[in-house]
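Working notes, beginning with the structure itself.
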Amino acid sequence: MERNPTLSLVTDEQADEDLKQIYEMCQQAMGGVPHLARVIANCKDLLGPFLGLAGAVAQEYTVPMRLKQLAVLRTAELNGCAYCRSIHVPKGEQLGLDSDKMEGVAQKDIPDDVFSAEEKIVIRMTDEMTGRVGAEKDTVAQAREMFGEAGVVELMMTISFYNLMTRLAETSQVPLEG
């Protein structure tokens with residue numbers, strides 16, 4: 015599906031020296047400069063901090079990366095973000111999410127027999143934080159039992175960051191990578 019961006023993607027040729035340094039860091043860390051980063055580069059002072067937060071959220075601390083990827087995929091699905099899905103479906107596969115889980119996380123009603131208790135709480139927290147801004151106290155309490163307070167913060171940051179990503183990508187209609 016062809017997407018027509020609402021904002022320009024700042025090219026290497028258009029980048030000033032500071033932006034070229036950021037692009038070089040992207041190239042080294044990610045093998046290229048993502049299209050969304052090129053859109054954010056229109057306000058270059060925000061790009062460095064944005065990428066710093068993206069890098070922090072992408073690390074595995076307390077919560078296994080596979081579980082965080084479920085939250086990312088669910089957020090992308092709930093917000094209808096083709097750009098995020100195009101990037102994170104392959105990442106989910108690389109992390110070992112099987113086809114039942116990949117298909118299940120994309121359904122409106124999550125199948126009960128596909129996901130573990132930990133996976134269900136991650137999906138529930140994602141649904142609540144995405145649909146109504148905050149998660150229910152019971153959901154947070156269950157997540158805290160499973161992951162500890164640091165893990166709950168990690169999940170909240172991941173879900174919140176990918177709600178930001180989906181909104182940026184869809185509002186700017188950033189082209190899919192590749």
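Count along the sequence shown from 1, add 14, and you get the number used in the numbering used here. Glycine residues also receive a C-beta, built at the ideal position from the N, C-alpha and C atoms.
Taking 4 residues as the shortest admissible run, the stretch 44-132 contains the following complete alpha helix (DSSP H) segments, listed from N- to C-terminal end: 49-54, 58-71, 79-92, 96-108, 113-119.
Following the DSSP letters along the chain, one finds Gly-162 inside the alpha helix (DSSP H) bounded by residues 151-186. Nearest to Ser-100 by C-alpha distance, out of Lys-134, Gly-110, Val-86, is Val-86. Exposure of Arg-181 is indicated by the presence of fewer than 16 other C-beta atoms within 10 angstroms of its C-beta. When secondary structure is reduced to three states using DSSP, Glu-142 falls in the helix class. Remark: three or more beta-carbon pairs, one from each stretch, lie closer than 8 Å, so the stretch 154-168 and the stretch 68-79 are flagged as touching. Contact check for Arg-80 against Leu-61 fails: the beta carbons are separated by 9 Å or more. CA-to-CA, the gap between Thr-89 and Glu-27 works out to about 34 Å.
Between Glu-184 and Ala-96, the C-beta spacing is below 9 Å. Ranked by how close their Cα comes to the Cα of Ser-113, the residues Leu-84, Gly-148, Leu-65, Asn-177 have Leu-84 in first place. For Asp-32, the secondary structure class from DSSP, reduced to helix, strand or coil, is helix. Short of 7 Å from the beta carbon of Met-139, and not among the five residues preceding or following it, lie these beta carbons of its own chain, in chain order: Ala-149, Thr-153, Ala-157, Leu-169, Ile-173.
If you draw a 10 Å sphere on the C-beta of Pro-19, you find fewer than 16 other C-beta atoms in it, and that means exposed.
Cβ-Cβ separation between Val-128 and Lys-115: approximately 6 Å, consistent with a contact (criterion under 8 Å).
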